[in-house]
Structures are given as structure tokens and as C-alpha cells.
Amino acid sequence: SQELEQSPQSLIVQEGKNLTINCTSSKTLYGLYWYKQKYGEGLIFLMMLQKGGEEKSHEKITAKLDEKKQQSSLHITASQPSHAGIYLCGADVISGGYQKVTFGTGTKLQVIP
Amino acid sequence: DGGITQSPKYLFRKEGQNVTLSCEQNLNHDAMYWYRQDPGQGLRLIYYSQIVNDFQKGDIAEGYSVSREKKESFPLTVTSAQKNPTAFYLCASRRGRGLSGTGELFFGEGSRLTVL
């Protein structure tokens, strides 16, 4: 089965610092999704990556999918308190003709003003 | 506005009682999903459905049941067989069906179930 490992599990950074969160798969990723979650709330979609070497940016957040399509990274530049939350990566998995989305264990980010 | 509505937001139940969580979407999405989230953990897939009247077990289906009688509705029942039902439950939907079409999941705001 597809397993997604996220690292680090938690992160505390000073406001203004850059940070990177990684998502590693045991198998080739056919669709990789990044989401942000505030505690106790639903997930907010950030970006989707599908092609090897693909990179997307939105405001100060950049996500990349490596050429082998087994690892993705999420990079935040000049972090702000509004970036705090839980970041989750999800991936498409095809099993028995059906398509589902599995998620990693999440990375909890705290940004200290 | 289109979206996914989960209800209730908070639910308290006694041990041994069945509980049904509602999930309704007006996005005209074919696929719908139920996930469970425990403190400090990611999302684990319970059940998913690609089309009406068809659904598949996810990674932790034991103790749960679902139905998909209408395209816009995918209720989840937490049965008394679920050994540790206290958790945060998230419903999601997406475009596409089967192997064709991909796209991001759209999530509801979640339902927090506490079993006393």
C-alpha cells in the first residue's frame, strides 16, 4: 500500500524565517496534494503536483515534486503567524480499479512572533 | 455557494449507541470520501464512493458503515462495533470518477464525535 512519510512531525520557527516540509512516498506519486489545516477545522487546498520536476507557487509557499515523483517538498519563505497550522500531503492511489487519496501523518507548524 | 456541509459539528453519545454523521455536497462531484483524524495524526480513510450505489472500504472500515443512495449525500454510521469512536471526522468530495480525472479534494468543516 502507498505510505506517505512527512518530516518533520512538528516545527517551531521564528517569524520571518524560511522552512521546508518534506513528503516521501514508497511508490511513484501520480498526484500529490498539499493541504493546510487549522486545528479542529477542515482542510484548505494549497497546491496539486502531477509531473516530475513540477514546481508551483502561491504567495510565499512553493511546492515541488522531484523528477522521480517519489518526494515532494513544501517551502515557506519569510514565515508569518498566519502560516501556523498543520500541513498535510496527500496522494492518489489506484487500487483494484478504484482511485482514492491517502494522506501523510502531517506536520504541525508554529510560528513565533 | 457550492460546498460540502457536515452535520452535526459536535456530537456526544453514550458507549454502545450507533451514530450517523451527515455529509451533503452541492458541487456535483461524483466521488466522496470519509476520513478519521485523531489528535496529532494525519487522515485515515474509512470509506469512499466513486458513484451512486457503489462504495469501497478504506484503510480503517471496521465498525463503520456508509450508503450512497444519492449523488449529493454520503452519510457515515459509526456503529457500536467501533472500539474507539471518539475522533474528528472529515468528509470530502472531488470531480472525476474511476481512473479518469483527478483533482483536489474539497473538504467539509468536520464533525467531532465524543463517546462518553
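Just so you know, the sequences run in chain order A and B. Position one of the first sequence corresponds to residue 1 (the working numbering), numbered consecutively onward. Position one of the second sequence corresponds to residue 114 (the working numbering), numbered consecutively onward. Ideal Cβ placement from N, Cα and C applies to all residues, glycine included. Values in this document were obtained by computation on a predicted structure and should not be read as measured data.
Got a sec: is the Cβ-Cβ distance from F220(B) to anything in chain A below 7 angstroms? yes
Compare the C-beta of L173(A) against all C-beta atoms of chain B and say whether one is closer than 7 angstroms. Absent from the model: residue 173(A). The displayed extent of chain A is 1 to 113, so no value can be given.
State the DSSP-derived secondary structure class of S82(A), mapped to helix, strand or coil. helix
Looking only at C-alpha atoms, which of F187(B), L203(B), Q130(B) sits nearest to Q138(B)? F187(B)
Out of curiosity, what's the CA-to-CA distance linking V132(B) and T192(B)? 6 angstroms
Quick one: what does DSSP say A91(A) is sitting in, helix, strand or coil? strand
For a test of the three-state rule: what should DSSP assign to A200(B), helix, strand or coil? strand
Measuring CA to CA, which of P152(B), K184(B), A194(B) is closest to K107(A)? Residue identity differs from the one stated: residue 107(A) is Thr in this sequence, not Lys. Nearest option by C-alpha distance: P152(B).
Is it the case that the segment 13-20 of chain A contacts the segment 63-77 of chain A, given that we only count it when at least three CB pairs across the two stretches are under 8 angstroms? yes
Could you check whether the segment 46-61 of chain A touches the segment 173-185 of chain B, counting it as contact only if at least three pairs of C-beta atoms, one from each stretch, sit closer than 8 angstroms? no
What residues of chain A sit near Y161(B), judged by a beta carbon separation below 7 angstroms? K100
Alpha-carbon to alpha-carbon, Y160(B) and G90(A): 16 angstroms
What are the partner residues of S180(B), as DSSP defines its beta bridges? DSSP output for S180(B) lists no bridge partner at all.
7 angstroms is my cut-off, CB to CB: does Q130(B) come that close to chain A? no
Anything in chain B within Cβ reach of T105(A), meaning under 8 angstroms, just list it in chain order. Q154, G155
Are the C-beta of Y33(A) and some C-beta of chain B separated by less than 7 angstroms? yes
K122(B) vs L229(B) beta-carbon contact at 7 angstroms: no
Could you tell me whether the Cβ of Q169(B) comes closer than 7 angstroms to any Cβ of chain A? yes
For chain A, check one thing: does any of its Cβ atoms lie closer than 7 angstroms to the Cβ of G223(B)? yes
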